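*Asks:* What follows is a structure written as structure tokens; I'll ask about it next.
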Amino acid sequence: MLTSVPVGTNSLKNYEDIVDEEIIEKIRRLGGEMKGLRVLNLSSTAFGGGVAELLYTLVPLMRDVGLIADWQIIRGSEDFFTVTKLFHNALQGMELIATPEMIDTYLTNNRNNADMFSGEYDIVMVHDPQPAAILSFLEDKGKKTGKWIWRCHIDLTAARPGVWEFLRPYIERYDAAVFTMPQYVKEDLGVGKISIVAPTIDPLSPKNIPIEYDTILNVLNRYNIDIKRPIITQVSRFDPWKDPLGVIDAYRIAKEEVPGTQLLMVASMATDDPEGFHYYEKTSRYANGDPDIHLLSNLEGVGNLEVNAFQRASNVVIQKSLREGFGLVVSEALWKERPVIGGDVGGIPLQVINGKTGFLVSDTEQCGKKAALLLKNPEMAREMGIYGKEHVRKNFLSPRQLADYMQLFIDLYQT
Ligand code: UDP
Numbered sequence: 092m093l094t095s096v097p098v099g100t101n102s103l104k105n106y107e108d109i110v111d112e113e114i115i116e117k118i119r120r121l122g123g124e125m126k127g128l129r130v131l132n133l134s135s136t137a138f139g140g141g142v143a144e145l146l147y148t149l150v151p152l153m154r155d156v157g158l159i160a161d162w163q164i165i166r167g168s169e170d171f172f173t174v175t176k177l178f179h180n181a182l183q184g185m186e187l188i189a190t191p192e193m194i195d196t197y198l199t200n201n202r203n204n205a206d207m208f209s210g211e212y213d214i215v216m217v218h219d220p221q222p223a224a225i226l227s228f229l230e231d232k233g234k235k236t237g238k239w240i241w242r243c244h245i246d247l248t249a250a251r252p253g254v255w256e257f258l259r260p261y262i263e264r265y266d267a268a269v270f271t272m273p274q275y276v277k278e279d280l281g282v283g284k285i286s287i288v289a290p291t292i293d294p295l296s297p298k299n300i301p302i303e304y305d306t307i308l309n310v311l312n313r314y315n316i317d318i319k320r321p322i323i324t325q326v327s328r329f330d331p332w333k334d335p336l337g338v339i340d341a342y343r344i345a346k347e348e349v350p351g352t353q354l355l356m357v358a359s360m361a362t363d364d365p366e367g368f369h370y371y372e373k374t375s376r377y378a379n380g381d382p383d384i385h386l387l388s389n390l391e392g393v394g395n396l397e398v399n400a401f402q403r404a405s406n407v408v409i410q411k412s413l414r415e416g417f418g419l420v421v422s423e424a425l426w427k428e429r430p431v432i433g434g435d436v437g438g439i440p441l442q443v444i445n446g447k448t449g450f451l452v453s454d455t456e457q458c459g460k461k462a463a464l465l466l467k468n469p470e471m472a473r474e475m476g477i478y479g480k481e482h483v484r485k486n487f488l489s490p491r492q493l494a495d496y497m498q499l500f501i502d503l504y505q506t
């Protein structure tokens with residue numbers, strides 16, 4: 092058996108005062124039509140990164156509206172996760188020659204997970220490439236039940252042909268594929284149905300819920316951060332695509348204009364991301380002992396509450412990604428009325444409206460200059476924050492995504 096992730100409970104009612112009424116009504120209507128539908132989510136980790144974040148909210152909400160929803164995670168050897176991280180990087184454009192050993196590791200682990208797969212479902216949603224080949228093994232044994240959806244959270248626009256060509260036949264076994272943006276859909280992908288669904292954040296999760304000023308202060312004190320001096324923050328896994336070294340350069344540029352500025356780099360070390368530890372050390376060396384650069388992670392006890400406090404305490408939030416599927420952290424910061432300076436890539440421009448909810452930047456120099464501009468103009472920062480929160484409320488809160496998924500489930504189920 093694969094491992095089920097315990098997710099707690101939640102109720103759609105709690106969102107009635109936050110999101111627009113039409114969304115709640117749509118979910119209730121679809122829930123009525125789909126009562127008892129068995130839905131399984133399959134992913135590679137229950138901890139760290141955006142996918143886990145989303146499922147902790149969506150699975151309890153699916154249950155609340157009448158679906159029989161579950162979330163299971165696959166098992167994999169350490170070299171499996173190393174290989175899938177390399178595949179992930181290659182799908183985002185990094186050079187990779189996939190060796191026969193890598194392919195073998197990927198397929199063997201997928202086959203083992205297919206052997207552990209049990210239960211019958213009406214809908215199975217498989218997240219990202221790690222578990223993508225499980226379906227083919229089940230199908231070949233005549234064990235596929237229900238409709239299968241591949242949910243791709245990655246920006247595939249610059250995917251290396253080698254890895255994509257390897258994965259494509261496995262994806263083409265699916266009944267549907269879901270992407271964050273239309274540009275991510277590969278032209279040569281032959282799948283029955285394609286949907287575009289942007290991710291969302293949960294306004295009621297411990298990471299996003301309003302917290303008292305005193306709580307924020309306590310958290311900052313605990314990590315020796317000075318609330319009286321300007322704070323720039325990036326919350327991201329340590330990963331080359333999140334450009335941690337570029338963030339440090341941008342902070343150094345901003346600090347020339349606004350002395351006393353502090354930089355918080357907050358990272359969670361995901362269990363499916365061995366590369367993270369390597370990049371943490373690299374970033375730490377680059378910080379070169381600067382006492383105003385705080386590199387913090389779950390290893391120092393940074394959890395959801397702390398991330399919430401850091402984002403709220405920031406004068407400016409940066410997401411200097413070089414490639415980004417969506418970037419939940421951008422919506423998280425905007426929801427807290429923080430202006431965001433984001434790399435002009437992937438899903439970030441959906442959230443950062445240049446000049447309105449923050450700034451889109453293409454290089455480190457621009458990023459540093461815009462950070463200084465916002466630090467020197469708190470009124471501009473405040474206005475962008477207010478606009479940003481409304482933009483997120485309308486477009487990027489969990490009930491909207493739940494409605495989109497339920498619509499897809501019912502469309503598939505009825506065909
Ligand atoms: N996150 C966290 N602690 C950290 C770093 C990240 O809780 O130290 C969370 C972050 O708040 C966000 C998710 O992990 O909810 C990252 O999602 P995103 O889409 O930004 O990036 P991904 O890691 O999926 O590439």
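Per my numbering, the sequence shown starts with residue 92, numbered consecutively. For every residue, glycine included, the Cβ atom is placed at its ideal position computed from N, Cα and C. Here the structure is a predicted model, which is why all the values come from computation and not from measurement.
Cα separation between ALA267 and MET475?
*Replies:* As a first step, residue 267 must be located in the sequence shown, where it is residue number 176. As a first step, residue 475 must be located in the sequence shown, where it is residue number 384. Roughly 37 Å between the two C-alpha positions.
*Asks:* Are there 16 or more other CB atoms within 10 angstroms of the CB of GLY123, so buried, or fewer, so exposed?
*Replies:* Here residue 123 corresponds to residue number 32 of the sequence shown, with the count starting at 1. By the 10 Å Cβ count, GLY123 comes out exposed.
*Asks:* Might you give, ordered along the chain, the residues of its own chain that have their beta carbon closer than 7 Å to the beta carbon of VAL349, omitting 5 neighbours on each side?
*Replies:* Along the sequence shown, one-based indexing puts residue 349 at 258. Closer than 7 Å at Cβ, skipping near neighbours: PRO321, ALA463, LEU466 and LYS467.
*Asks:* With respect to 7 Å, is the separation between the Cβ of ASN389 and the closest non-hydrogen atom of ligand 1 below this value?
*Replies:* Looking up residue 389 in the sequence shown gives position 298. Flag set: Cβ of ASN389 near ligand 1.
*Asks:* Quick check: is any heavy atom of ligand 1 less than 7 Å from the C-beta of SER135?
*Replies:* Within the sequence shown, residue 135 is the residue found at index 44, counting from 1. No - ligand 1 has no heavy atom lying nearer than 7 Å to the Cβ of SER135.
*Asks:* Within the same chain, show all residues whose beta-carbon is closer than 6 Å to that of MET497, passing over the 5 residues directly before and after it, in chain order.
*Replies:* Locating residue 497 in the sequence shown gives position 406, where the first residue counts as 1. Contacts found: LEU121.
*Asks:* Specify the secondary structure class of VAL310 as computed by DSSP and reduced to three states.
*Replies:* Along the sequence shown, read from residue 1 onward, the residue named residue 310 stands at position 219. Helix, per DSSP.
*Asks:* Inspect the beta-carbon positions of VAL407 and ILE432 and report whether they are closer than 8 Å.
*Replies:* Here residue 407 is taken as the residue at index 316 of the sequence shown, counted from 1. Here residue 432 is taken as the residue at index 341 of the sequence shown, counted from 1. In contact: VAL407 and ILE432 (Cβ atoms closer than 8 Å).
*Asks:* Three or more C-beta pairs closer than 8 Å, one from the segment 448-462 and one from the segment 335-344: is that the case here?
*Replies:* Yes, the segment 448-462 is in contact with the segment 335-344.
*Asks:* Does ligand 1 have a heavy atom nearer than 7 Å to the CB of GLY433?
*Replies:* As a working mapping, residue 433 is identified with position 342 in the sequence shown. No, Cβ of GLY433 sits at least 7 Å from all heavy atoms of ligand 1.
*Asks:* Along the alpha helix (DSSP H) that carries LEU503, what are the first and last residues, could you check?
*Replies:* For the purposes of this step, residue 503 is taken as the residue at position 412 of the sequence shown. 489-504 is the extent of the alpha helix (DSSP H) around LEU503.
*Asks:* Pick from VAL338, ILE262, ASP155 and LEU493: whose alpha carbon is nearest that of LEU413?
*Replies:* The sequence position of residue 413 within the sequence shown is 322, counting from 1. The shortest Cα separation from LEU413 among VAL338, ILE262, ASP155 and LEU493 belongs to VAL338.
*Asks:* Does the structure place the segment 186-205 close enough to the segment 236-245 that three or more beta carbon pairs sit under 8 Å?
*Replies:* Not touching, per the Cβ criterion.
*Asks:* Taking THR248 as the reference, give the member of GLY184, LEU308 and THR199 with the closest Cα.
*Replies:* Counting from one through the sequence shown, the residue named residue 248 turns up at place 157. The shortest Cα separation from THR248 among GLY184, LEU308 and THR199 belongs to GLY184.
*Asks:* Can you list the residues near ligand 1, meaning Cβ strictly closer than 5 Å to any non-hydrogen atom, in the order they appear in the chain?
*Replies:* Spelled out in chain order, the answer is GLY140, GLY141, GLU144, VAL326, ARG328, VAL357, ALA358, SER359, VAL398, GLY418, LEU419 and VAL420.
*Asks:* Less than 8 Å between the C-beta atoms of GLN325 and ILE409, yes or no?
*Replies:* The residue you call residue 325 lines up with position 234 of the sequence shown. The residue you call residue 409 lines up with position 318 of the sequence shown. Contact flag set, yes.
*Asks:* For a test of the three-state rule: what should DSSP assign to LEU247, helix, strand or coil?
*Replies:* Within the sequence shown, numbered from 1, the residue matching residue 247 stands at position 156. Three-state result, LEU247: coil.
*Asks:* Could you give the distance in angstroms between the alpha-carbon of ASP383 and the alpha-carbon of GLY459?
*Replies:* Taking the sequence shown and counting its residues from 1, the one referred to as residue 383 is at position 292. Taking the sequence shown and counting its residues from 1, the one referred to as residue 459 is at position 368. About 16 Å.
*Asks:* Output the boundary residues of the alpha helix (DSSP H) element that contains ILE344.
*Replies:* As a first step, residue 344 is located in the sequence shown; it is residue number 253 there, counting from the start. Here the alpha helix (DSSP H) through ILE344 covers 335-348.
*Asks:* Which complete beta strand (DSSP E) runs does the segment 274-298 hold, if anything under 3 residues is left out?
*Replies:* Whole beta strand (DSSP E) segments, 3+ residues: 284-287.
*Asks:* Does the Cβ of ASP108 have 16 or more other Cβ atoms within 10 Å, making it buried, or fewer, making it exposed?
*Replies:* Stepping through the sequence shown from its first residue, residue 108 is reached at position 17. By the 10 Å Cβ count, ASP108 comes out exposed.
*Asks:* May I ask which residues mark the beginning and end of the alpha helix (DSSP H) holding ILE114?
*Replies:* Indexing the sequence shown from 1 puts residue 114 at position 23. Where ILE114 is concerned, the enclosing alpha helix (DSSP H) stretches over 112-124.
*Asks:* Whole alpha helix (DSSP H) runs in the segment 146-192 with 4 or more residues, listed along the chain?
*Replies:* The segment 146-192 contains these whole alpha helix (DSSP H) runs: 169-182.
*Asks:* How big is the Cα-Cα spacing for THR291 and LEU198?
*Replies:* If you number the sequence shown from 1, residue 291 lands on position 200. If you number the sequence shown from 1, residue 198 lands on position 107. Distance between the alpha carbons of THR291 and LEU198 is about 31 Å.
*Asks:* Evaluate contact between the segment 122-139 and the segment 218-237, counting only Cβ atoms and requiring at least three cross-stretch pairs below 8 Å.
*Replies:* Verdict: yes, contact present.
*Asks:* Are the beta-carbon atoms belonging to ASN62 and SER296 less than 8 Å from one another?
*Replies:* Any answer about residue 62 is impossible in this case: the structure gives the chain only from 92 up to 506.
*Asks:* Thinking just about the alpha-carbon of each residue, which of LEU386, TRP332, PHE500 and GLU470 is nearest to the one in GLY418?
*Replies:* As a first step, residue 418 must be located in the sequence shown, where it is residue number 327. GLY418 has its Cα closest to that of TRP332, out of LEU386, TRP332, PHE500 and GLU470.
*Asks:* Any contact between the segment 486-497 and the segment 270-290? By contact I mean 3 or more CB pairs, one from each, below 8 Å.
*Replies:* A contact exists between the segment 486-497 and the segment 270-290.
*Asks:* Count the other CB atoms within 10 Å of the CB of ASP330; is the residue buried (16 or more) or exposed (fewer)?
*Replies:* Indexing the sequence shown from 1 puts residue 330 at position 239. ASP330 should be labelled buried.
*Asks:* Are VAL130 and PHE450 closer than 8 Å when you measure CB to CB?
*Replies:* Taking the first residue of the sequence shown as position 1, residue 130 is located at position 39. Taking the first residue of the sequence shown as position 1, residue 450 is located at position 359. Against a cut-off of 8 Å, the Cβ pair of PHE450 and VAL130 comes out as no contact.
*Asks:* Which stretch, first to last residue, makes up the beta strand (DSSP E) that contains ASN132?
*Replies:* What you label residue 132 is simply residue 41 of the sequence shown in a count that begins at 1. From DSSP, the beta strand (DSSP E) with ASN132 extends over 129-134.
*Asks:* Using the C-alpha atoms, what's the distance from ARG491 back to TYR261?
*Replies:* Residue 261 sits at position 170 when you count from the first residue of the sequence shown. Residue 491 sits at position 400 when you count from the first residue of the sequence shown. About 29 Å.
*Asks:* Just reading off the alpha helix (DSSP H) that SER375 is part of, what are its end residues?
*Replies:* Translated into positions along the sequence shown, residue 375 becomes position 284. Here the alpha helix (DSSP H) through SER375 covers 366-378.
*Asks:* Contact criterion: CB-CB distance below 8 Å. Does HIS482 meet it with respect to chain C?
*Replies:* This model lacks chain C altogether, as it is built from one protein chain only.
*Asks:* Assuming GLY157 and GLY127 are in contact, meaning their beta carbons sit under 8 Å apart, how far apart are those beta carbons, in whole angstroms?
*Replies:* Against the sequence shown, residue 157 aligns to sequence position 66. Against the sequence shown, residue 127 aligns to sequence position 36. About 7 Å; that satisfies the 8 Å criterion.
*Asks:* In whole angstroms, what is the alpha-carbon distance linking GLY210 and PHE487?
*Replies:* Stepping through the sequence shown from its first residue, residue 210 is reached at position 119. Stepping through the sequence shown from its first residue, residue 487 is reached at position 396. Cα-Cα distance, rounded: 32 Å.
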